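Engineer: By full-length UniProt numbering, the letter at position 323 of the sequence shown is numbered 323, and the numbering carries on one by one without gaps.
Note that CB positions come from ideal geometry on N, CA and C, so glycine has one too.
Please read these numbers as outputs of a predicted model, since none were measured by experiment.
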Amino acid sequence: MLGIDLARAVALLGMMATHTMDLVDAAGDPQPVGLIAGKAAALFAVLAGFSVELSTRRYGRWREAAASLAVRGVLIAILGLVLGSLSSSIAVVLVNYGVLFLLAPLVLRLPARWLAATTVLWLVASPVASHLIRDGLGLQRAVEAPELSHLAQPGELVLGVLLTGYYPVLQWMGYLLVGLLLARLDWRSAATAAWVGAVGALLAAVAWVSSQLLLSAGGHEALERAGSGLSPLAWGSPYAAQTIGSHGSTPTTTWWWLVTVGPHSSTTFDLVFTSGIAAAVIAVCVLICLAIGERTRLLTPVLAAGSMPLSMYTLHVILSELTDLYVLQVLLLLGLAALWRAGGEGPGPLESLVSGTVRLVVPRR
């Protein structure tokens with residue numbers, strides 16, 4: 001599915017931009033890259049649903065599909081811990097991504113209607129549940145991405161991954177559900193892609209407008225009171241929440257935080273807003289590939305990178321310790337992806353390793 005590969009490349013390039021460019025300047029003013037903050041990562045997570053669906057279609061029995069996802073999840077999470085130990089500047093998403101794969105079997109075989117209902121319920125209820133749990137237990141925000149040293153404190157590691165970290169699985173499970181739902185559609189149809197794009201854009205617009213209306217009805221004042229005394233770019237500041245983001249979860253000082261739609265706030269409005277954008281981006285990518293047909297070879301470097309997101313993301317994290325020049329990283333990754341693709345049509349190196357391990361541990365019957 002070339003359109004999905006293109007969407008993965010868009011997600012990858014977007015995350016690379018937010019990792020290597022400043023969201024605000026020295027004066028604290030927002031920069032253009034801030035427009036995609038939180039959205040690229042959400043697209044990456046929604047596409048995880050496609051990966052789950054596509055990778056398990058070959059298994060007839062749920063047990064085998066679940067086992068294959070468990071192996072994938074563990075391997076991805078281990079890689080995430082290693083990369084988290086190497087990177088000092090990036091909140092590596094792979095541990096959380098791996099946990100999503102571990103949880104995916106719970107909803108993998110749900111009928112479409114049940115999956116849709118579960119998705120809606122999860123997007124609405126999970127931010128409220130997170131707020132209640134974090135407030136009730138007095139949990140503090142996890143300031144570091146998971147890494148190998150955190151295994152010494154497994155309780156804090158689990159809380160960080162599920163609730164208090166940059167990509168809280170409790171809410172991010174919603175992205176996986178959205179992806180699973182979308183993956184069941186017939187993406188060979190331009191009409192389907194156009195319909196998904198329109199609905200996604202509409203949902204994103206409704207979520208954003210609803211958030212702004214609620215904030216105008218008393219939310220702004222409540223958030224300013226809750227964040228009084230904080231510097232503008234400190235976590236818990238309303239300005240920071242709208243510019244550099246909430247780093248995965250909003251404060252629990254007031255329920256008004258749950259109507260915000262800033263980057264990485266993981267509120268219902270943020271989840272619906274970014275899920276809608278993700279659906280629209282996927283639809284546009286599919287329509288582009290359907291429209292240009294055989295001319296997709298012109299996009300070979302980009303499509304190649306999108307076909308091996310795990311390998312490309314890993315290279316990006318490693319490269320970021322050497323250089324933060326966005327254009328240089330893009331050229332290197334696209335060049336390496338094109339070279340790998342020139343050697344054959346198979347998956348990337350890490351994708352091959354993961355798939356090979358899955359086949360070894362969970363043979364297809």
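Along the chain, where does the alpha helix (DSSP H) containing Leu108 start, and where does it finish?
Structural biologist: Residue mapping note: residue 108 aligns to position 108 of the sequence shown, counting from 1. Counting along the chain, Leu108 falls outside any alpha helix (DSSP H), and DSSP gives it neither H nor E.
Engineer: Taking Cβ to Cβ, would you say Leu7 is nearer than 8 Å to Ile282?
Structural biologist: For this step, residue 7 is matched to residue 7 along the sequence shown. For this step, residue 282 is matched to residue 282 along the sequence shown. A small correction: the amino acid at residue 7 is Ala; Leu does not occupy that position in the sequence shown. Result yes, Cβ atoms of Ala7 and Ile282 sit closer than 8 Å.
Engineer: Give the DSSP-derived three-state secondary structure of Val143 in the structure shown.
Structural biologist: One-based indexing of the sequence shown puts residue 143 at position 143. Note: Val143 maps to coil in three-state DSSP.
Engineer: Please go through the same chain and pick out, in chain order, the residues whose beta-carbon is closer than 7 Å to the beta-carbon of Thr300, but skip the five residues on each side of it.
Structural biologist: Locating residue 300 in the sequence shown gives position 300, where the first residue counts as 1. Closer than 7 Å at the Cβ level, and outside the excluded window around Thr300, lie Ala338, Arg341.
Engineer: Could you check the C-alpha separation between Ala193 and Val107 for me, to the nearest Å?
Structural biologist: In the sequence shown, the residue the question calls residue 193 occupies position 193. In the sequence shown, the residue the question calls residue 107 occupies position 107. Straight-line Cα distance between these residues: approximately 24 Å.
Engineer: What are the partner residues of Val24, as DSSP defines its beta bridges?
Structural biologist: The sequence position of residue 24 within the sequence shown is 24, counting from 1. Val24 pairs with Pro30.
Engineer: Alpha carbon to alpha carbon, how far is Gly236 from Ala226? Give it in angstroms, no decimals.
Structural biologist: Residue mapping note: residue 226 aligns to position 226 of the sequence shown, counting from 1. Residue mapping note: residue 236 aligns to position 236 of the sequence shown, counting from 1. The alpha-carbon atoms of Ala226 and Gly236 are separated by roughly 8 Å.
Engineer: If you compare alpha carbons, which of Ala9, Tyr313, Glu294, Leu333 is closest to Ile90?
Structural biologist: Counting from one through the sequence shown, the residue named residue 90 turns up at place 90. If we check each option's Cα against that of Ile90, Tyr313 comes out closest.
Engineer: Out of Ala291, Leu360, Ala67, Val93, point me to the one whose CA is closest to His264's CA.
Structural biologist: If you number the sequence shown from 1, residue 264 lands on position 264. Cα-wise, what sits closest to His264 is Val93.
Engineer: Three or more beta-carbon pairs under 8 Å between the region 238-257 and the region 271-278, yes or no?
Structural biologist: Too few Cβ pairs lie closer than 8 Å, so no.
Engineer: Are the beta-carbon atoms belonging to Met16 and His316 less than 8 Å from one another?
Structural biologist: Indexing the sequence shown from 1 puts residue 16 at position 16. Indexing the sequence shown from 1 puts residue 316 at position 316. It is a contact, given that the beta carbons lie within the stated cut-off.
Engineer: Please return the same chain residues whose Cβ sits closer than 7 Å to the Cβ of Val272, not counting the five positions on each side in sequence.
Structural biologist: Here residue 272 is taken as the residue at index 272 of the sequence shown, counted from 1. Excluding residues within five positions, the ones whose Cβ falls inside 7 Å are Leu123, Leu203, Ala207.
Engineer: Counting C-beta neighbours from all protein chains within 10 Å, is the total for Gly34 16 or more, i.e. buried, or is it exposed?
Structural biologist: Indexing the sequence shown from 1 puts residue 34 at position 34. That one is buried.
Engineer: Determine the extent of the alpha helix (DSSP H) in which His264 is found, giving its start and end residues.
Structural biologist: By 1-based counting over the sequence shown, the position of residue 264 is 264. Careful: His264 lies outside any alpha helix (DSSP H) and carries neither H nor E.
Engineer: Are the Cβ atoms of Leu69 and Ala104 separated by less than 8 Å?
Structural biologist: One-based indexing of the sequence shown puts residue 69 at position 69. One-based indexing of the sequence shown puts residue 104 at position 104. Against a cut-off of 8 Å, the Cβ pair of Ala104 and Leu69 comes out as a contact.
Engineer: Run through DSSP, which three-state label would Trp208 get?
Structural biologist: Start at 1 with the first residue of the sequence shown, and residue 208 comes out as number 208. Reduced to three states, the DSSP call for Trp208 is helix.
Engineer: Leaving aside the five residues before and after Gln242 along the sequence, list all residues of the same chain whose C-beta is less than 6 Å from its C-beta, in chain order.
Structural biologist: As a working note, residue 242 is residue 242 in the sequence shown. Excluding positions up to five away in sequence, the list reads Gly262.
Engineer: Out of Ala125, Val196, Leu75, which one is the CA nearest neighbour of Leu287?
Structural biologist: As a first step, residue 287 must be located in the sequence shown, where it is residue number 287. Per the Cα distances, Val196.
Engineer: Which parts of the region 80-128 are runs of the alpha helix (DSSP H), unbroken and 4 residues or longer, counting only runs that do not cross its ends?
Structural biologist: Complete alpha helix (DSSP H) runs here, min 4: 94-103.
Engineer: Residue 385 lies in the alpha helix (DSSP H); which residues open and close that run?
Structural biologist: The first residue shown for the chain is 1 and the last is 365, placing residue 385 beyond what the model contains.
Engineer: Compare the Cα-Cα distances from Glu147 to each of Ser85, Val327, Tyr166, Gly98 and report the closest residue.
Structural biologist: Indexing the sequence shown from 1 puts residue 147 at position 147. Closest by alpha carbon: Ser85.
Engineer: Identify, in the order they occur along the chain, each residue of the same chain with its Cβ nearer than 6 Å to the Cβ of Ala67, setting aside the five sequence neighbours on each side.
Structural biologist: To locate residue 67, count along the sequence shown from 1; it is residue 67. Val362.
Engineer: Taking DSSP as the reference, what is the three-state secondary structure of Ala283?
Structural biologist: The residue labelled residue 283 in the question sits at position 283 within the sequence shown. Here Ala283 sits in helix by DSSP.
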